[in-house]
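Written out below as structure tokens is the structure these notes cover.
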Amino acid sequence: AGLDRYECRKQILVELKEKGYLVGEEVHNHAVGACYRCDTVIEPLISKQWFV
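Position in the sequence shown (first residue = 1) + 198 = the numbering used here.
Below is the structure:
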């Protein structure tokens, strides 16, 4: 807990490699939303319900 999402992803890869669970890595190019003001990545928040 308390890790940045990017650091957490790196740590997960390290642990999977150490335990021999990682079969391989591939780079996938895809469109990701970005804020028009600060250009940060916009990631959806998974939720059971959405209200409008």
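Ideal placement from N, C-alpha and C gives every residue a C-beta, glycine not left out. These numbers were taken from a predicted model, which means no experiment stands behind them.
Assign residue i to one of three DSSP states: helix, strand, or coil.
i, result
"V239", "strand"
For residue i, which residues from the same chain have a beta carbon less than 8 Å from its beta carbon, with the 5 sequence-adjacent residues on both sides left out?
i, result
"T238", "A232"
In whole angstroms, what is the alpha-carbon distance linking residue i and residue j?
i, j, result
"G218", "L211", "10 Å"
"E241", "A229", "11 Å"
"N227", "D202", "22 Å"
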